[in-house]
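K.L.:
Take a look at this one; I'll ask things after.
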Amino acid sequence: MKYVLALDEGTTSARSVLFDSECNVVSMAQREFTQIFPHAGWVEHDAVEIFAMQLASMTECVAKSGVSPSEIAALGITNQRETTVVWDRHTGEPVCNAIVWQCRRTSGICEELVRAGLSEYVAEKTGLRIDAYFSGTKLKWILENVPGARERAERGDLLFGTVDCWLLWKLTGGKVHATDRTNASRTMLYDITSDKWDERMLDILGIPYCMLPEVKSSGEIFGFTDILGSQVPICGIAGDQQSALFGQGCFESGEAKNTYGTGCFLLANTGTSRPEVKNGLIVTAAATLRGEPVQYAAEGSIFVGGAVIQWLRDGLNIIERSSDSEALAVEAEDNSGVYLVPAFVGLGAPYWDMRARGAIFGMTRGTDRKTVCRAALESIAYQTDDLIGKMREAGFPLTCLKADGGASQNRFLMQFQADISNIEVVLPASPEATALGAALLAGLTVGVWKDRDYVREKLGGGQRYLPDMDAAKREELLKGWRKAVRACREFE
Ligand code: ADP
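Here this note's numbering is used: the first residue of the sequence shown is 1150, the next is one more, and so on.
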């Protein structure tokens, strides 16, 4: 029996998951790390703490598994995307806290880029919209605001990386400065068609080339690390959403997954043909193995997904646990004409409306917590349906929707999604789709698994939800949702 270890470095915690060669989870450990909010709208992490927590979870995961480190054939890394780290190549010290993907501090820089007429160029080269979400302007901010950073970077003393790259550099004792294409494609600095750093974007943002990591495929040998005395190859790296796409077995063009976590991220594999940036969707590199041509995915990001259920729990205190939402929603029987638009931080794809704020419409004297709870869960499915619609319009007809993430455990939500989108929704056999993606990339690279077809069989499938709503009812509900979104945006 061979084992594959995945490091799943998320936004709030560092997890490690050990899989056996049947893709079963053997052991898991997790450490939370500090969220730093220095100003309104700013979010930072301490990269040194992230590495320490990742290492601690990895050691605990392996130690408690009872598996000998010499039986671990491969290590994969998946990570929160876009978060930006800059460190000194000689001392390994970060020059400042990592700037997290959620951080809005570079909105002003982005507005200038839009005013300078660069939107089309950015879309064409990088597949992205100009937004503070991506790494490029975060890196520019560090070079301009950390004393001495620009001079040190130009002298070749500083390195840039997303979190995968930082972990790889630390795990290899500073020997390897590399990243994978899926992470590079989230920087707004990478030309996803010619598959290289884009010199003009680097010029525009004033970024010295010598800081940038080498870009490799997601499945290839990046380097080696010591796990309790054994040398293990690090041979799989992918950003969390692309990793989940791979872990869900969406290997072919047209296969799509939606992760129902804090936010929701719908990605559709488009194979080797690069889609256009349109309909509020962006384009991102999908994970591939060494030697394979570049593959792409169309992506839609929803900022508030499962987080609306957290708000019912922590903000309104109308449920005790997120999972209580299911029974309440079922008790409500129908939505009674009530719609909740959870635009708490604006609306993401496909609206990209930063100024919108949340609202509940259609309440009467009879509206109670059951109805609000149902409206909250339904809002997750309506937002996902908006993206499915945009995907269909853009020419990616989804035949089935693979779901994962915390809120995919909610049976009411999954059935409502199937009904409202008239699509079959399928859950994976293993709830650890994100970590599994990195493990599969690593294991396929060193031959733990023969090929994708072999892996696909191992993945199997979990619960399936078939659509069961008549077309008239669906249209009536969707009409109400569209009206609610319009009214909510009108209030700005
Ligand atoms: P992340 O990786 O973004 O931290 P997870 O995939 O762990 O997110 O999912 C957590 C989110 O899912 C939370 O916002 C939580 O409210 C929601 N959630 C978890 N379980 C349920 C459930 N049974 N019903 C609805 N929402 C849920």
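All residues carry an ideal CB built from backbone N, CA and C; glycine is no exception.
For Ser-1176, collect the residues of the same chain with a Cβ closer than 7 Å to its Cβ; drop the 5 residues on either side in sequence, then sort them by chain order.
P.N.:
Excluding sequence neighbours, Ser-1176 sits near Leu-1167, Cys-1210, Lys-1213 and Ser-1214.
K.L.:
Any chance the CB of Glu-1475 is under 7 Å from a heavy atom of ligand 1?
P.N.:
Yes - ligand 1 has a heavy atom lying nearer than 7 Å to the Cβ of Glu-1475.
K.L.:
Assuming Thr-1232 and Val-1249 form a contact by the criterion Cβ under 8 Å, report the distance between their Cβ atoms to the nearest whole angstrom.
P.N.:
Yes, Thr-1232 and Val-1249 are in contact; Cβ-Cβ is about 5 Å, under 8 Å.
K.L.:
Quick one, are the C-beta atoms of Glu-1482 and Arg-1560 less than 8 Å apart?
P.N.:
Their beta carbons are not under 8 Å apart, which means Glu-1482 does not touch Arg-1560 by this criterion.
K.L.:
Determine, using beta carbons only, whether Ala-1387 and Ala-1587 come nearer to each other than 8 Å.
P.N.:
Cβ atoms of Ala-1387 and Ala-1587: closer than 8 Å.
K.L.:
With distances taken Cα to Cα, identify the nearest neighbour of Leu-1351 among Gly-1486, Glu-1404 and Tyr-1270.
P.N.:
Cα-wise, what sits closest to Leu-1351 is Tyr-1270.
K.L.:
DSSP state of Tyr-1445, grouped into three classes?
P.N.:
Reduced to three states, the DSSP call for Tyr-1445 is strand.
K.L.:
At a cut-off of 7 Å, is Leu-1536 close to ligand 1 when judged by its beta-carbon and the heavy atoms of the ligand?
P.N.:
No, the Cβ of Leu-1536 stays beyond 7 Å of every heavy atom of ligand 1.
K.L.:
So Val-1604 and Ala-1223 are supposed to be a Cβ contact under 8 Å. How far apart are they, rounded?
P.N.:
So it is not a contact: roughly 13 Å between Cβ atoms.
K.L.:
Per the DSSP calculation, Phe-1510 is bridged to which residue(s)?
P.N.:
DSSP, once it has assigned bridges, lists Tyr-1488 as partnering Phe-1510.
K.L.:
Can you tell me where the alpha helix (DSSP H) with Cys-1413 in it begins and where it stops?
P.N.:
Element bounds for Cys-1413: not the alpha helix (DSSP H) but the beta strand (DSSP E), 1413-1420.
K.L.:
Count Cβ pairs between the region 1535-1553 and the region 1517-1526 that sit closer than 8 Å; are there 3 or more?
P.N.:
The answer is no - the region 1517-1526 does not touch the region 1535-1553, with fewer than three Cβ pairs under 8 Å.
K.L.:
Report the residue from Gly-1515, Tyr-1488 and Phe-1452 whose alpha carbon sits nearest the alpha carbon of Trp-1501.
P.N.:
Of Gly-1515, Tyr-1488 and Phe-1452, the residue nearest in Cα terms is Phe-1452.
K.L.:
Between Ala-1155 and the rest of its own chain, which residues show a CB-CB distance below 6 Å, the 5 nearest in sequence each way excluded?
P.N.:
The answer, listed in chain order, is Val-1166, Gly-1225, Ala-1584, Ala-1587 and Ala-1588.
K.L.:
Mark Arg-1439 as exposed unless 16 or more other C-beta atoms lie within 10 angstroms of its C-beta, in which case mark it buried.
P.N.:
Looking at its Cβ environment, which holds fewer than 16 other Cβ atoms inside 10 Å, Arg-1439 is exposed.
K.L.:
Could you pull out every residue in the same chain whose Cβ sits closer than 6 Å to the Cβ of Ala-1434, ignoring the five residues on either side in sequence?
P.N.:
Answer for Ala-1434: Arg-1330, Thr-1331, Ser-1334 and Ile-1341, listed in chain order.
K.L.:
Would you list the one or two residues that DSSP bridges to His-1239?
P.N.:
His-1239 pairs with nothing; no bridge assigned.
K.L.:
Around the C-beta of Arg-1301, are 16 or more other C-beta atoms found within 10 angstroms, so that it is buried, or is it exposed?
P.N.:
Arg-1301 is buried by the Cβ-count criterion.
K.L.:
Helix, strand or coil for Gln-1532 per DSSP?
P.N.:
Looking at Gln-1532 - three-state DSSP - the assignment turns out to be helix.
K.L.:
Which value, in whole angstroms, describes the spacing of the CA atoms of Ser-1485 and Thr-1208?
P.N.:
One C-alpha to the other measures close to 52 Å.
K.L.:
Is Asn-1559 near ligand 1 - that is, is its Cβ less than 7 Å away from at least one heavy atom of it?
P.N.:
Result yes, Cβ under 7 Å from ligand 1.
K.L.:
Determine the contact status of Leu-1316 and Phe-1182, defining contact as a CB-CB distance below 8 Å.
P.N.:
No.
K.L.:
If you drop the 5 nearest sequence neighbours on each side, which residues of the same chain put their C-beta closer than 6 Å to that of Arg-1518?
P.N.:
Once the five neighbours on either side are set aside, the close Cβ partners of Arg-1518 are Ile-1467.
K.L.:
Thinking just about the alpha-carbon of each residue, which of Ala-1163, Cys-1359, Ile-1370 and Ile-1376 is nearest to the one in Leu-1593?
P.N.:
When each option's Cα is compared against that of Leu-1593, the closest is Ile-1370.
K.L.:
DSSP three-state label for Asn-1332, please.
P.N.:
Helix.
K.L.:
I want to check one thing, is the minimum distance from the CB of Thr-1161 to the heavy atoms of ligand 1 below 7 Å?
P.N.:
Result yes, Cβ under 7 Å from ligand 1.
K.L.:
Would you kindly check if the distance between the Cβ of Leu-1416 and the Cβ of Gln-1390 is under 8 Å?
P.N.:
In this structure, Leu-1416 lies closer than 8 Å to Gln-1390 by Cβ.
K.L.:
What is the DSSP secondary structure of Ala-1543, reduced to helix, strand or coil?
P.N.:
The answer is coil: DSSP assigns Ala-1543 none of H, G, I, E or B.
K.L.:
If you reduce the DSSP assignment to three classes, tell me which class Ile-1353 lands in.
P.N.:
If DSSP states are grouped into helix, strand and coil, Ile-1353 belongs with the helices.
K.L.:
Can you have a look at Pro-1577 and say buried or exposed, based on whether 16 or more other CB atoms are within 10 angstroms of its CB?
P.N.:
Classification of Pro-1577: buried, given that the 10 Å Cβ count is 16 or more.
K.L.:
Buried or exposed for Glu-1363, going by 16 or more other Cβ atoms inside 10 Å?
P.N.:
Exposed.
K.L.:
Here's a check: name, in chain order, each residue in its chain whose Cβ is nearer than 6 Å to the Cβ of Trp-1489, leaving out the five neighbours to either side.
P.N.:
The residue asked about is misnamed: residue 1489 is Leu in this sequence, not Trp. Cβ neighbours of Leu-1489 beyond the five flanking positions: Ile-1509, Ala-1524, Ala-1525 and Ser-1528.
K.L.:
So, for Gly-1397: in the same chain, excluding its five sequence neighbours on each side, which residues have a beta-carbon less than 7 Å away from its beta-carbon?
P.N.:
As written in the sequence, residue 1397 is Gln, which differs from the Gly given in the question. The answer, listed in chain order, is Lys-1406, Lys-1551, Asp-1553, Pro-1577 and Ala-1582.
K.L.:
Among the candidates Pro-1296, Ile-1258, Pro-1616 and Lys-1319, whose CA atom is the shortest distance from the CA of Gly-1372?
P.N.:
The residue with the shortest Cα to Cα distance from Gly-1372 is Lys-1319.
K.L.:
Count the CB pairs spanning the region 1419-1431 and the region 1372-1382 that are closer than 8 Å, and state whether there are at least three.
P.N.:
At 8 Å Cβ cutoff, the stretches do not touch.
K.L.:
Can you check which of these residues, Val-1325, Ala-1505, Ala-1478 and Ala-1530, is closest to Thr-1516 by C-alpha distance?
P.N.:
Answer by Cα proximity: Ala-1478.
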